[in-house]
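Quick notes on the structure that follows.
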């Protein structure tokens, strides 16, 4: 006996109320197994694959790619074989269409094309899956230096999965000649000054449509991730009255300390001891002294957070993610360095979970890694402020009426002027400055 069952948009996280279908991995007529991914979805925080909760045949897609729907919305209809004989197939099919039509009340008209499509067309679409790469696959390929054109795909229609990329890299396929993704990337650093840029920033890979508007213009599709970023930035910029301030810090002692400890730390911990770890420690200690910085505007009140959860802005090839270091005030410098390494790696590999992205109360942005010396960041809504750590640059400084060469950097702060004013933010920045300049050769990492 065959029955028709709907698969609905799952609740990916407690605070998540909707998600966008990015790409369907299965098409009407395809057989699916339990827990097999059927589509990729995008949220404001992470990308995720939705596994099937049923084993059967995909009959109808109710939500087309690019559409955003609330949690609980039926996404597709699956024909499930149950005990009781196949004689009821026609009846089940009829009821399934009825159910589908009912659910499709809010579905796009394009869904009908999926239902009426022939099996041959589905097979043709499956054949094209060989050349369709998910963001996670592209990120993994870039990380391992793998040319996707050489990777055998085991997914539907020869589609390349993350396991295929990892297996290919483990088998020695890394660095294959003729690798397309890196062919256009420069081999030299984009910046030659400053001290804490250890590798060339990734150059975004942008896919351009074949057609052009004119001889000097072309289209770039706005992806759901880019759309979510635009929406969030617009909300922050329009709802929060931003103000901005900057302070200069002398990091000469910190540079000496870090150079003294970084090699031993790498041998012991297996991760880089970055300047950012010291920056986070300085910020956390400053927030303890000025807790209003760790707050949220709530119309008729201001909510001050007791937990200090630092958001860390991490850039990927096509977006910026802000994973969160929970309870950062309970970690020492070594612990913060490990957290930074772990979250940055998970971001670039596309392995962040929703729990990694939730609960941030204050954000730190390491814009100095790109060579920036001053920036005007937009607050990570609904937090009260965001601080940037700019590039460390050697320059002459007057000390006791004498000129000395020191390692200097700027700290830039954007603040919600409904909550914070110049006096309190100046006090906060002064405290961060004192903390950073207070690091010396006797500072302990553990």
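Residue numbers (my numbering): 44 to 489.
Here a beta-carbon is modelled for each residue, glycine too, at the ideal position from N, C-alpha and C.
Query, Result
"Alpha helix (DSSP H) segment containing residue 390, residue limits", "376-391"
"Supposed close pair residue 50, residue 96 - CB separation, criterion 8 Å", "6 Å"
"Bounding residues of the beta strand (DSSP E) (the contiguous stretch that carries residue 338)", "338-340"
"Contact with chain C by residue 439, beta-carbon distance below 7 Å", "The chain labelled as chain C is not found in the depicted structure, where only one protein chain is given."
"Close-in-space but distant-in-sequence residues of the same chain around residue 276 (CB under 7 Å, 5 per side omitted)", "421"
"Host beta strand (DSSP E) of residue 90 (start-end)", "90-94"
"Residues of its chain near residue 467, where Cβ-Cβ distance is below 7 Å and the 5 sequence neighbours each way are ignored", "333 and 335"
"Integer-rounded CB distance, given that residue 204 should sit under 8 Å from residue 180", "7 Å"
"For residue 99, three-class secondary structure by DSSP", "strand"
"Three-way DSSP call (helix, strand, coil) for residue 185 in this model", "helix"
"Alpha-carbon to alpha-carbon, residue 399 and residue 59", "14 Å"
"Under the three-state DSSP convention, the category residue 345 falls into", "strand"
"Which of helix, strand or coil DSSP assigns to residue 286", "strand"
"Extent of the continuous beta strand (DSSP E) to which residue 461 belongs", "That residue, residue 461, is in no beta strand (DSSP E); it is neither H nor E in DSSP."
"Where residue 311 falls, given that 16 or more other Cβ within 10 Å makes a residue buried", "exposed"
"Assumed close pair residue 459, residue 340 - CB separation to whole angstroms, cut-off 8 Å", "6 Å"
"Contacting residues, own chain, Cβ-Cβ under 8 Å from residue 433 (five flanking each side not counted)", "410, 411, 415, 416, 417, 418, 452, 453, 454 and 455"
"Status (buried if at least 16 other CB within 10 Å, exposed otherwise) for residue 407", "buried"
"Residues near residue 486 by beta carbon distance below 7 Å, same chain, minus five either side", "300"
"Backbone secondary structure at residue 272 - three-state DSSP", "helix"
"CA-to-CA distance, residue 55 to residue 141, given in whole angstroms", "Bear in mind that a pLDDT of 37 at residue 141, under 50, signals an unreliable position, so the number given afterwards is only what the model happens to contain. Cα to Cα, the separation comes out at about 29 Å."
"Cα-Cα separation between residue 70 and residue 403, rounded to whole angstroms", "38 Å"
"With 16 other Cβ atoms within 10 Å as the buried cut-off, status of residue 439", "exposed"
"CA-to-CA distance, residue 324 to residue 394, given in whole angstroms", "25 Å"
"Cβ neighbours of residue 78 in the same chain (closer than 6 Å, five flanking residues each side left out)", "94"
"For residue 307, the first and last residue of its enclosing alpha helix (DSSP H)", "295-312"
"Identified DSSP bridge partners for residue 450", "437"
"Sequence-distant residues of the same chain with beta carbon closer than 8 Å to residue 381, five excluded per side", "312 and 314"
"Cβ pair residue 423, residue 365 closer than 7 Å", "yes"
"Which of helix, strand or coil DSSP assigns to residue 122", "strand"
"DSSP beta-bridge partners of residue 455", "289 and 431"
"Euclidean distance between Cα positions of residue 143 and residue 342", "Residue placement at residue 143 cannot be trusted, given a pLDDT of 39 that sits under 50; what the coordinates show is reported in the next sentence. Looking at the two C-alpha atoms, the distance is approximately 43 Å."
"Under 7 Å between C-beta atoms of residue 457 and residue 435", "no"
"Supposed contact pair residue 52 and residue 112 - C-beta distance, whole angstroms, cut 8 Å", "6 Å"
"Helix, strand or coil at residue 262 [DSSP, three-state]", "coil"
"Backbone secondary structure at residue 278 - three-state DSSP", "helix"
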